[in-house]
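Participant: Protein chains in written order, with the UniProt record's numbering: chain A, 1 to 429; chain B, 1 to 429.
Where a beta carbon is used, it is the ideal one built from N, C-alpha and C, also for glycine.
1. As a quick exercise: from B/311, B/165, B/99 and B/105, pick the residue whose alpha carbon is nearest that of residue 122 of chain B.
2. In this structure, does DSSP put residue 238 of chain B in helix, strand or coil?
3. Return the CA-CA distance between residue 329 of chain B and residue 254 of chain B, expressed in angstroms with no decimal places.
4. Going by the beta-carbon positions, is the gap between residue 250 of chain B and residue 234 of chain B smaller than 8 angstroms?
5. Counting only beta-carbon atoms, is residue 150 of chain A nearer than 8 angstroms to chain B?
6. Specify whether the segment 286-294 of chain B and the segment 411-421 of chain A touch according to this definition: at least 3 beta carbon pairs, one from each stretch, less than 8 angstroms apart.
7. Which chain B residues are close to residue 367 of chain A, counting only those with a beta carbon under 7 angstroms from its beta carbon?
8. Name, please, each residue of chain E whose Cβ falls closer than 7 angstroms to the Cβ of residue 178 of chain B.
9. The segment 121-133 of chain A: which residues have C-beta closer than 8 angstroms to a C-beta of chain B, in chain order?
10. At a Cβ threshold of 8 angstroms, is residue 414 of chain A touching chain B?
11. Can you name the start and end residues of the beta strand (DSSP E) that residue 213 of chain B belongs to?
12. Pick helix, strand or coil for residue 424 of chain A, following the three-state DSSP scheme.
13. Within 10 Å of its beta-carbon, does residue 17 of chain A have 16 or more other beta-carbons around it, so buried, or fewer, so exposed?
14. Nearest by alpha-carbon distance to residue 209 of chain A: which of A/310, A/40 and A/422 is it?
15. Quick one: give me the first and last residue of the alpha helix (DSSP H) that residue 11 of chain B is part of.
16. How about residue 39 of chain B and residue 162 of chain B: do their beta carbons lie closer than 8 angstroms?
17. Pick helix, strand or coil for residue 337 of chain A, following the three-state DSSP scheme.
18. Report, in whole angstroms, the separation of the C-beta atoms of residue 373 of chain B and residue 355 of chain B, which I expect to be a contact under 8 angstroms.
19. Anyone know if the C-beta pair for residue 385 of chain A and residue 343 of chain A falls short of 8 angstroms?
20. So, with DSSP's three-state summary, where would you put residue 301 of chain A?
21. What does DSSP give as the partner residues of residue 30 of chain B in its beta bridges?
22. Taking one C-beta from the segment 99-112 of chain A and one from the segment 52-67 of chain A each time, how about it: are there three or more such pairs within less than 8 angstroms?
23. Quick check: what's the CA-CA separation for residue 322 of chain A versus residue 218 of chain A?
24. Report, in whole angstroms, the separation of the C-beta atoms of residue 339 of chain A and residue 412 of chain B, which I expect to be a contact under 8 angstroms.
25. Under the rule that 16 or more other beta-carbon atoms within 10 Å means buried, what is residue 404 of chain B, buried or exposed?
26. Provide the residue(s) that pair with residue 129 of chain B in DSSP beta bridges, ordered along the chain.
27. Note down, in chain order, all residues in the segment 204-221 of chain B with a beta-carbon under 8 angstroms from any beta-carbon belonging to chain A.
28. Find out if the Cβ-Cβ distance for the pair residue 151 of chain A, residue 49 of chain A is shorter than 8 angstroms.
29. Is the separation between the beta-carbon of residue 146 of chain A and that of residue 46 of chain A shorter than 8 angstroms?
30. Tell me, which residues are paired with residue 369 of chain B by DSSP?
31. Do you know whose CA, among B/69, B/302, B/173 and B/284, lies nearest residue 216 of chain A's CA?
32. Indicate whether the contact test is met: 3 or more Cβ pairs, each with one atom in the segment 129-144 of chain A and one in the segment 107-121 of chain A, closer than 8 angstroms.
33. Go through its chain and collect everything with a Cβ distance to residue 428 of chain A's Cβ below 7 angstroms, but skip five positions before and after it.
34. At a CB distance below 9 angstroms, what residues from the segment 372-403 of chain A approach chain B? Give them in sequence order.
35. In the DSSP assignment, find the beta strand (DSSP E) that holds residue 322 of chain A and state where it starts and stops.
36. Return yes when at least one heavy atom of the ligand GDP lies under 7 angstroms from the C-beta of residue 160 of chain B, else no.
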């Protein structure tokens, strides 16, 4: 009577989903609104930085050779023939025996080749002329920020798909982007199902729980870089659910439903997918939580049936939705970044499925320690609030001991990974 | 002729600034807009989660004692007297020899004490009655998610000042927060000064650079959790600058100026602070970059004079502005989080000042490696785009060698630190 579903290894499930990856269009966003968006083009330096030789200090631009013989006892004396504020250019020629007062960031006059810091000279007046005394020698190139020393024109600086940080905003401004080529955000729809769901503001009732998944996923969508669109919650009428899914599909780039993917009598998602004639990529994955995760496609649009259990729903999003969203935002590292950590608790019981344990990361002198956050059950909601990583425990016949080095996937990391699944082998098959 | 400034140790400078810390007011934000905001109250569980004993699977709720003798050869046979969908409550009494079909998440009937998964029973029909066969024994409590096992009513779950993540959104929904108590964002003003500055969209001109600091700081302000307000750039007229600062102060919670803090002839900030009768907390810090960072207060409002050099400006913001913003958002860990890393490059030359080297972090099997990003000069802008940490090299008479373990401050980490400066001792005094 119960439908038998064959579990798919996680890596293969992710691979099937990634077959539907595509890039978003590009749009131009004002620089001051671009923080947190994703670059849709590689960022190249279109000019040298600095674009001219400049002074890193307030001081005097000199010809270094004038100081070759300078010493405490016999300082070099140079005539000050003018001054250069930041942003201006000195038009006259500086000759041997002469110097020009120069401000931080100002352009070095053509014939000068060194800068003496203000603190190192003694200034003197004589017959309306100004002089400086310099008590040591300088070499050509001393205290000059050379054209192109920070970056050369043509250098590729930032890859497309990178999230725009404050440092990248500075670079964009430097290269004249008052508008930034950013990936258009994909619209991700959410439909919650389940007759046990109360609205957040409703008082608790026996047997019921508040709808937390929809709000959690809206936040996950935003964090991934997309735009959430919530269509509400639907309960136990099949036709209502079907129509909601159909209507939503027309308005979004991809659609997430929560709940109703199990094999129980009220689990409508399989029937809805059938009715829609959607092609089901899989309906069982060799993972805990989230083994009932079901993903289907209508032409090139993905429909995600995530579990109604909060932890299972959360993990399903990060493994299967996030990489599709991030790829659409032009990155080539769309998956959660993999690293390693010292396991903080033993998991003595073997499990045939690969486990994703919500974990808190500590770092002891730069070495990660991963400790399970809250209760390790698929229904747990508190574990999600504190988790910053998943501990990955591949399925098989063995348990895992405290102190072992294990794979982790970082949830809050923006660096991402091209393909974290290479060495995570499931052994339950 | 040159004003002598005494450098203050970094820790002492930060401490002086933190004397001006204060909390923002609280405001109520709709849950779906709360992602990324900061909690203004501790989050406590106001009810048990789960709030009732529930089934983690689709299956049958039974009385465990009915299966004590069950085996492959002599299965226990129970009469199925009804079913419970998720969200509903079974009203009748379940007696010995009886079972109830139950859906994932549904409430366990009063007299039942175990759940048998759907896959483990054989269903039968007989005279319009339904029966199940169970081929092994179950114990009281098997496959039940107990009331309060995830969290007990009254448990303190999340501290105020925490940034609202997707997992926290789920918790907030669970506890009925359709509106969330969030810290009101402080408004941080920005004024750029410097006659060398071009607007971002202007073509390059000899001796000039584009105004990158303002856009960088706007993004840093957003990232810190505050609201940026940009008042534009002002060049070489003292009265214009003074008026701009005065006007801006009336509209913001704190004000940042960039440039003009050095001791050059066009560096107006010291004179403006004097004219305003602001009390200067310090005008020189024993750090590189950013030694000329100047911070003052007008009554309880801070005025930041950050260096016009991009790297110095960036570091100055993260060390001195971020903790004030974050404290105002109710956290007790307002500073960048300190960790340790393996130093990826040697710094053979000693420096009397404490250096903050913009660095890329790699992790090798969970152990941080820190490598300087781009050019380590205060004017560098490319180094900021790639940096995710500062390497902290305390000032003194020694250099630092590749492979040493050094302190780092993490730029992209949301965890924060109460006081990272305890063991970072300057030795230049």
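Facilitator: Here's the rundown:
1. For residue 122 of chain B, the nearest C-alpha among the options comes from B/99.
2. In the structure shown, residue 238 of chain B sits in a helix (DSSP, three-state: H, G or I).
3. Residue 329 of chain B and residue 254 of chain B have their C-alpha atoms roughly 14 angstroms apart.
4. No, they are not a contact pair.
5. Cβ-Cβ to chain B under 8 angstroms: yes for residue 150 of chain A.
6. Touching, no, given that fewer than three Cβ pairs across the two stretches are closer than 8 angstroms.
7. Under the 7 angstroms cutoff, chain B gives 366 and 367.
8. The structure shown has no chain E; the protein chains it does contain are A and B.
9. Result list: 123.
10. Residue 414 of chain A has a beta carbon lying within less than 8 angstroms of a beta carbon in chain B.
11. Note, residue 213 of chain B: premise wrong, no beta strand (DSSP E); alpha helix (DSSP H) at 213-224.
12. DSSP, read as helix, strand or coil, puts residue 424 of chain A in coil.
13. Burial call: buried.
14. Looking from the CA of residue 209 of chain A, the closest CA among A/310, A/40 and A/422 belongs to A/310.
15. Counting along the chain, residue 11 of chain B sits inside the alpha helix (DSSP H) bounded by residues 10-18.
16. Contact flag set, yes.
17. Reduced to three states, the DSSP call for residue 337 of chain A is strand.
18. Residue 373 of chain B to residue 355 of chain B, Cβ: 14 angstroms. No contact.
19. Their beta carbons are not under 8 angstroms apart, which means residue 385 of chain A does not touch residue 343 of chain A by this criterion.
20. The answer is strand: DSSP assigns residue 301 of chain A an E or B state.
21. Residue 30 of chain B pairs with B/179.
22. Three or more beta-carbon pairs separated by less than 8 angstroms link the segment 99-112 of chain A to the segment 52-67 of chain A, which places the two stretches in contact.
23. Their backbone Cα atoms lie some 12 angstroms apart in a straight line.
24. About 15 angstroms separates the Cβ atoms of residue 339 of chain A and residue 412 of chain B, ruling out a contact at the 8 angstroms cut-off.
25. It is exposed - the Cβ of residue 404 of chain B has fewer than 16 other Cβ atoms within 10 Å.
26. Beta-bridge annotation (DSSP): residue 129 of chain B is paired with B/126.
27. Contact residues of the segment 204-221 of chain B toward chain A are 204, 206, 207, 208, 209, 210, 211, 212, 213, 214, 215, 216, 217, 218, 219 and 220 (C-beta to C-beta distance below 8 angstroms).
28. Closer than 8 angstroms, so yes.
29. The answer is no: Cβ separation not under 8 angstroms.
30. In the DSSP output, where bridge partners are listed per residue, residue 369 of chain B has B/342 and B/362.
31. The residue with the shortest Cα to Cα distance from residue 216 of chain A is B/173.
32. Because the criterion of three Cβ pairs below 8 angstroms is met, the segment 129-144 of chain A and the segment 107-121 of chain A touch.
33. Residue placement at residue 428 of chain A is flagged as unreliable, the pLDDT there being 43, under the threshold of 50; the coordinate-derived value follows with that caveat. Only 286, 352, 353, 395 and 396 meet the Cβ criterion.
34. Those residues of the segment 372-403 of chain A that come within reach of chain B (Cβ to Cβ, closer than 9 angstroms) are 373, 374, 375, 377, 378, 379, 380, 381, 382, 383, 384, 385, 386, 387 and 388.
35. Where residue 322 of chain A is concerned, there is no enclosing beta strand (DSSP E), although the alpha helix (DSSP H) it sits in stretches over 322-328.
36. The model depicted lacks the ligand GDP and carries no ligand whatsoever.
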